Amino acid sequence: MSSGAADLRHRKKQNCLESDKMAPEERNKENSKLGGSPKYLLIQRLAKLFFGCLAAVTSGMMYAVYLSTYHERKFWFSSRQELEREITFQGDSAIYYSFYKELLKAPSFERGVYELTHNNKTVSLKTINAVQQMTLYPELIASVLYQASGSEEVIEPVYFYIGIVFGLQGIYVTALFVTSWVMSGTWLAGMLTVAWFIINRTDTTRIDYSIPSRENWALPYFACQVAALTGYLKKNLNCSAEKFCYLLVSASTYTFMMMWEYSHYLLLVQAVSLFLLDSFALAQTEKVHEVYKIYLFSLFLGYLLQFENSALLVSPLLSLVAALMFSKSLQMNMKKGTFMSRLLKVMYIYLVLTITVTLNFLLKMFVPHKENEHLLKFIEVKLGLNTTKNFTMNWLLCQESLQAPSQDFFLRLTQSSLLPFYILVLIICLFSVTQVIFRRICGEPLKETVKLEDGRIGERPEIVYHVIHTILLGCLAMYLEGMKYLWTPYVCMLAAFGVCSPELWMTLFKWLRLKAVHPILLALILSMAVPTIIGFSLWKEFFPRIMTELSELQESYDPDTVELMTWIKRQAPMAAVFAGSPQLMAVIKLCTGWMVSSLPLYNDDDLLKRNENIYQIYSKRSAEDIYKILTSYKANFLVIEDSICNEVGPVRGCRVKDLLDIANGHVVCEEGDSYAYSKHGRFCHEIKMNYSPYVNYFTRVYWNRSYFVYRINTVISFQS
């Protein structure tokens, strides 16, 4: 085994040396053909590289400035008080930012980390490791940077925090620019990628709705990893560039895994893409397996540094990579061109999948894990393999991000011309890849270098990888609308690459067998003319809209919530525990620092059960039942939200109160219609009437148009 690995390393080193030696000779031949001096062409290449890098960095910086300006116009951040700014963080975003605040208030960084890993001041009757459970590594990094850079006297913590996130989004756009540039050879493709990304911002990023969300921190690193992987997969890459790409893939893969708890699922999609790429012998096996090793290293290092996170050990990614590494020798023997190797090639995919499923099953048997069980249950229900009355599962199924995408999504992509060009590029690449696979099955080897006149874009491994990757992500996006934020950015990149690539047009002309016009000349002309026309049309139609969007001052103010938080900070005891909807509890925790009974987190069974129990305040349960539930979590105050209690949802059956009635068995079906029935009235309505027995258990202490706050009585009077 060790001798085989040594031979492999020796062959890779020899290939690198040969490519480095051949590169100057090939360049000299090319120079003589073009009639230019090597010095002149070197200057030309450096100038192209310089201006391309300048355009990429400028695009990223401009996008970050654009996000900052839009955010200011939307929330009037600079003219708001601290409390009003914090209210703009909603749901899980409020929780993430609240822990960032706690880290900055701690006497030292070490003490702050300890308090987060042994946190008993957030959720009542529960001590949690917030760093592990909520993946707070971004907040740890942000707090260290804020204090180490001496920014306390220069910039406020909230501006520093959102500034980092906006900066990462700029890196995200720059990485997509570079990926398209590397694939097409022209930074015009990068410019078109950025234009499509910004125009379709509603479908490419969630930055408008949830700044601190984990994917906004993580996806820029994944984009960097994809850009580096694109370069790493290229043929005839010199050793220096290959090592640089390898190191960048390693660093960005591990960082991505540390930033987002669900990162290994996205890496699984990538690993499947590489597996299919390697199965059809369309890429160098050595390079693909080096990426597999990066996955293994990142998983085990992540397991150790994420407090022995068992979810990484039972992840399908680990099982798939282990199965692929186990089958490595068999796959290498298959590529020798014999009849047996071709027969085994058909069985190879089945073998790997069988080993993957078996290994994953065994790991789940012997490794204790609970983190992602709710995700598997959700998938079962979503696929129709199971039915449930469980409130949490049905609530998740009703979320817009977990529904199939609407027609408006495809209409928006079509109006920006993105979807038509993506489909065109995808069809051409797919047909070319199919031709290449057929040639490989017939025993025809791949060309070492693919020239423009060959018209074989499907022989470039980095192109094939992106085709497979976008197809897999597209399948997920067609099933879950929330996945569009992973798919659409790479649709922008692939479409821009295609229309700017002479090779893609040449591949099309080879099939059409053009004779009237020289195909190479026409391909070069179209690779410049088509993106230019697209760019001008996008500029004319969408640039005025973007400028109008930035110039308009939007009113985003919630006085009722501001009043509620102000009352809590002034009137509620420091030791009070608040109960209510998880989304509101997150805001209360951020704005006041008071302890709460639940949080909007869905990776902990106990918190999920808490959320369901406390949501019973909107169900048809008795005052005594609700009192027992709230006191079991040591809650002192109850907050009723009028928007939930009187919710009029667009889809009947997806309102919180409807889901609670289903879970509690309070739904009666008559003549095809369903009705909610219970001997008790809806608690959130009845408690406002101020009659017994509700006044015996609860005393109203504050109210406004949106919120009703009740103190939970410790001494109960049963007088009528």
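If you count by the numbering used here, then the sequence shown holds residues -1 to 718, one letter each, in order.
We put the beta carbon where it would ideally sit given N, CA and C, even for glycine.
As the structure is a prediction and not an experimental result, all values here were calculated from the model.
| message | Using a Cβ-Cβ cutoff of less than 6 angstroms, which residues in the same chain neighbour residue 110 once the five nearest sequence positions on both sides are dropped? | response | 101 and 104
| Span of the alpha helix (DSSP H), counted from its first residue to its last, around residue 590 | 580 to 590
| Which of helix, strand or coil DSSP assigns to residue 402 | coil
| field | C-alpha distance - residue 238 paired with residue 245, whole-angstrom precision | value | 11 angstroms
| the segment 500 to 517 in contact with the segment 371 to 387 per 3-pair CB rule at 8 angstroms | no
| message | For the beta strand (DSSP E) containing residue 636, name the first residue and the last one. | response | 635 to 639
| query | residue 285: buried (16+ other C-beta within 10 angstroms of its C-beta) or exposed? | reply | buried
| request: Would you give the residue range spanned by the alpha helix (DSSP H) that residue 169 belongs to? | output: 155 to 182
| said: Along the chain, where does the beta strand (DSSP E) containing residue 710 start, and where does it finish? | reply: 705 to 710
| Rounded straight-line distance, which links the Cα of residue 281 to that of residue 532 | 33 angstroms
| said: Buried or exposed for residue 710, going by 16 or more other Cβ atoms inside 10 Å? | reply: buried
| request: Can you tell me the Cβ-Cβ gap for residue 107 and residue 128, rounded? I've got them flagged as a contact below 8 angstroms. | output: Actually they do not touch by this definition, with Cβ atoms about 15 angstroms apart.
| Buried or exposed: where does residue 471 fall if 16 or more other Cβ atoms within 10 Å of its Cβ makes it buried? | buried
| field | Validate contact between the segment 112 to 130 and the segment 619 to 635 using beta carbons, cut 8 angstroms, 3 pairs | value | yes
| Are the beta-carbon atoms of residue 199 and residue 213 separated by less than 8 angstroms? | no
| Three-state secondary structure (DSSP) at residue 621? | helix
| query | Is it buried or exposed for residue 9, if we count other Cβ within 10 angstroms and need 16 for buried? | reply | Its pLDDT being 47, under 50, residue 9 is placed unreliably in this model, and the value from its coordinates should be taken loosely. Flag for residue 9 reads exposed.
| query | So residue 210 packs on residue 266, CB below 8 angstroms; how close in whole Å? | reply | Actually they are not in contact, since the Cβ atoms of residue 210 and residue 266 sit about 25 angstroms apart, beyond 8 angstroms.
| Own chain, CB closer than 7 angstroms to residue 466, minus 5 neighbours either side, in chain order | 271, 274 and 275
| C-alpha gap between residue 157 and residue 166, whole angstroms | 14 angstroms
| request: Using 10 angstroms around the beta-carbon of residue 566, count the other beta-carbons present and answer buried if the total reaches 16, otherwise exposed. | output: buried
| Among 656, 292, 353 and 621, which has the Cα closest to the Cα of residue 687? | 621
| Where residue 59 and residue 263 are concerned, what is the direct C-alpha to C-alpha distance, given to the nearest angstrom? | 30 angstroms
| query | Does the Cβ-Cβ distance between residue 196 and residue 112 come in under 8 angstroms? | reply | no
| Taking Cβ positions, are residue 379 and residue 360 nearer each other than 8 angstroms? | no
| request: Give me whichever residues DSSP pairs with residue 698 in a beta bridge. | output: 708
| query | Whole-angstrom Cβ separation of residue 609 and residue 390, contact assumed at under 8 angstroms? | reply | 7 angstroms
| query | For residue 552, which residues from the same chain have a beta carbon less than 7 angstroms from its beta carbon, with the 5 sequence-adjacent residues on both sides left out? | reply | 71 and 72
| If you check the beta carbons only, do residue 618 and residue 664 fall under 8 angstroms apart? | yes
| query | Measuring CA to CA, which of 169, 49, 587 and 694 is closest to residue 119? | reply | 587
| query | Under the rule that 16 or more other beta-carbon atoms within 10 Å means buried, what is residue 569, buried or exposed? | reply | exposed
| Beta carbon of residue 479 nearer than 8 angstroms to that of residue 402 | yes
| query | residue 28 by DSSP, collapsed to three states: which one? | reply | Any reading at residue 28 must be qualified, since the residue scores a pLDDT of 45, below 50, and its modelled position is unreliable; no value is offered.
| Inside the segment 260 to 318 only - alpha helix (DSSP H) runs reaching at least 4 residues | 261 to 277, 283 to 303 and 308 to 311
| Distance between residue 135 and residue 612 (C-alpha atoms, nearest Å) | 29 angstroms
| Does DSSP put residue 355 in a helix, in a strand, or in coil? | helix
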